[in-house]
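For reference, the structure is listed below as structure tokens.
In this note's numbering, the protein residues as written are 2 to 267.
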């Protein structure tokens with residue numbers, strides 16, 4: 002079966018160029034030219050991957066990405082954003098909305114294809130031959146990674162991760178206690194070396210800290226080693242004392258803030 006891709010792009014020429022190239026390369030491509038149609042097709046076809054333009058009519062790409070991530074039916078689909086907005090703030094906004102990767106126009110079609118294949122390899126929705134390589138459960142101290150659910154068990158509490166968050170945490174956990182260089186992270190997690198785009202790593206590290214740290218602003222576990230990379234330091238033995246309660250309180254505080262925010266915007 003061909004890998005299925007949903008291309009949401011309002012520029013007809015770009016849609017024909019990208020869609021035609023991917024179809025010629027062996028992908029099954031569905032197309033939508035605005036955000037509303039794109040969301041409907043995503044729910045109807047649940048593709049293996051979504052290519053999402055940022056500047057769309059009716060519903061913009063950032064809003065659509067957030068909606069897709071909130072819906073259980075589409076939450077696990079890898080999303081690659083395609084946009085002419087290539088500034089750091091634009092990339093951060095894209096990743097914060099839930100995108101897995103970000104490609105700035107104009108781009109090389111071969112690079113696009115390489116990124117598509119890299120995302121499919123890391124997806125639990127990937128077709129045979131492109132499945133994620135990490136089949137075994139990996140565990141150390143209070144952290145266990147469960148590949149089939151893209152989930153972390155952190156101090157006995159399940160934490161749902163995106164594909165790239167899972168891969169990043171897996172990369173760090175394999176080398177816990179060691180400093181991991183950005184170049185190695187980019188190669189192992191993303192499957193390519195995107196011009197040493199350190200901001201990409203920073204955003205996903207920030208997301209992991211939000212999910213795992215009691216105070217993401219003062220990380221205890223996922224540490225930045227300035228000028229060198231990142232280090233995952235997991236507590237053991239007596240270091241575990243009291244951390245269950247600290248993390249439980251932090252989760253409760255975050256849930257209360259989220260509920261208050263939802264009520265304010267309702």
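Glycine included, every Cβ here is placed at the ideal spot set by N, Cα and C.
As the crow flies, the alpha-carbon of residue 84 is around 14 Å from that of residue 14.
With contacts defined as CB atoms closer than 8 Å, residue 102 and residue 81 qualify as a contacting pair. In this structure, the beta-carbon distance from residue 36 to residue 61 falls below 8 Å. Rounded to whole angstroms, the gap between the alpha carbons of residue 256 and residue 112 is 39 Å.
Secondary structure note for residue 158: it is in no alpha helix (DSSP H), and the uninterrupted beta strand (DSSP E) holding it is 158-161. DSSP, read as helix, strand or coil, puts residue 207 in helix.
Look at residue 60 here: in three-state DSSP terms it is coil, with no helix or strand label. The continuous beta strand (DSSP E) containing residue 224 extends over residues 223-226.
Within the same chain, 217, 220, 223 come within 6 Å of residue 210 by CB-CB distance, once the 5 residues on both sides are set aside. Here residue 107 is exposed, its C-beta having fewer than 16 other C-beta atoms within 10 Å. Taken in chain order, the unbroken stretches of alpha helix (DSSP H) that lie wholly in the region 73-113 and span 4 residues or more are 89-98.
Its Cα nearest to that of residue 34, the residue 9 stands out among 9, 24, 138, 23. Annotation: the continuous alpha helix (DSSP H) that includes residue 168 extends over 164-175.
For residue 250 and residue 98, the gap between their C-alpha atoms comes out near 26 Å. Within the DSSP secondary-structure output, residue 145 pairs in a beta bridge with 140, 154. In this structure, 40 is the residue among 49, 40, 180 with its C-alpha nearest to the C-alpha of residue 58. Beta-bridge partners of residue 232 (DSSP): 180, 224. Residue environment for residue 159: exposed (fewer than 16 other C-beta atoms within 10 angstroms of its C-beta). Its chain contains 44, 47 as the residues whose beta carbon lies nearer than 7 Å to that of residue 74, once the 5 sequence neighbours on both sides are disregarded; these appear in chain order. Look at residue 218 here: in three-state DSSP terms it is coil, with no helix or strand label. Judged by their CB atoms, residue 146 and residue 171 are nearer to each other than the 8 Å cut-off. In the DSSP secondary-structure assignment, residue 31 is bridged to 7.
By the neighbour-count criterion, in which 16 or more other beta carbons inside 10 Å mark a residue as buried, residue 166 falls on the buried side. The three-state secondary structure of residue 54, taken from DSSP, is strand. Our two residues, residue 77 and residue 214, have alpha carbons roughly 23 Å apart in a direct line. Look at residue 15 here: in three-state DSSP terms it is helix.
For residue 119 and residue 79, the gap between their C-alpha atoms comes out near 10 Å.
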